[in-house]
Structures are given as C-alpha cells and as structure tokens.
Amino acid sequence: MAKPLTLLFICTHNRCRSVIAEVVANQRYGDRVLAYSAGSEPAGEVHPLTLKYLAERGYSVAGLKSQSWDEFSDCGVDLAITVCDSAAGEACPMWMGDTQRLHWGMPDPSRLDGDEATVRDAFFAVMDALDAKLAELV
832 MAKPLTLLFI
842 CTHNRCRSVI
852 AEVVANQRYG
862 DRVLAYSAGS
872 EPAGEVHPLT
882 LKYLAERGYS
892 VAGLKSQSWD
902 EFSDCGVDLA
912 ITVCDSAAGE
922 ACPMWMGDTQ
932 RLHWGMPDPS
942 RLDGDEATVR
952 DAFFAVMDAL
962 DAKLAELV
C-alpha cells in the first residue's frame, strides 16, 4: 500500500475551517491521506458549533483540539493547505521549507449571524466544499 499523503490544514485560529478539513479528510479519505490541522495563533479550543455540526453530520469529534502549527515540524507534511484568507497571507514557519502549498479559501461559518438553520447550513456548505476539494485532490 502506498504511503498516505500527509496534509496540514491551516487557518489562523484553528477552531473551525481547518478542523473541519482535518476531520473530513481523515474520516472520508483516511485510506489515502493523513491529515492534521493547526493555526498560527490557535484559539485554544475548537469552536463549539464546529463540534456540534460535525457530530450532526456523523463525524467523530473525539480528541479534536486547537493547536499551533509549530507542533507539526516533525510530521513530514507533503502539502500545506490554507483555508482562510488571513492565513494564506501569513509567513509560514521556517520548518515548512519548500513544502507544497495550496489555498482553499472558505467562508468562516462560526462568524455568521443568523438563525440556527442558517448557521447549520453554512457549516454544512463548508463541509461539502472541503469534501469536494479533497475528492479532486486524492
């Protein structure tokens, strides 16, 4: 069996979009990828609505945490993917060296004001968009 592609999903606070990407990648494409998520300024916890709507979609949320990209200096990242525009413009840490990078800009559903159905739909739209991008990648 071929070595899985190691992905690092990055957004500034690692509390929503990058966590969603990590979960979708590992739980839908885990036979082909090994995914992590991190942020340059981690929030310290995953946004509660991220956990709620991932679980509502049937994904396991056990063990998810908000963490710094510095924690991944030794994991041999094949591809770093930014999922928020602010992270795309940040200087990546030196340990990334010539790691290939992509930008998949996604709206932040955790910042949306609206009723519960509107917010849920926004989270699900991000999950679906990331799933589609991953399907193309792998």
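Each residue of the sequence shown is one higher than the last, beginning at 832 in the working numbering.
Virtual Cβ for every residue (Gly too), placed ideally from N, Cα, C.
Check                                                                                                                                : Outcome
Can you determine whether any heavy atom of the ligand FMN sits closer than 7 Å to the C-beta of Ile912, and answer yes or no?       : Absence of the ligand FMN from the depicted structure is noted, as is the absence of any ligand whatsoever, leaving it without description.
With a 10 Å radius around its C-beta and 16 neighbouring C-beta atoms as the bar for buried, classify Gly870 as buried or exposed.   : buried
Sort Arg951, Ala911 and Arg863 by Cα distance to Leu836 and report the nearest one.                                                  : Arg863
So, is Asp939 buried or exposed, given that buried needs 16 or more other C-beta atoms within 10 angstroms?                          : buried
I'd like the span of the beta strand (DSSP E) that includes Arg932, first residue to last.                                           : Gln931 to His934
Just confirm the distance between the C-beta atoms of Val914 and Ala852, as a whole number of angstroms; I'd bet it's less than 8 Å. : 6 Å
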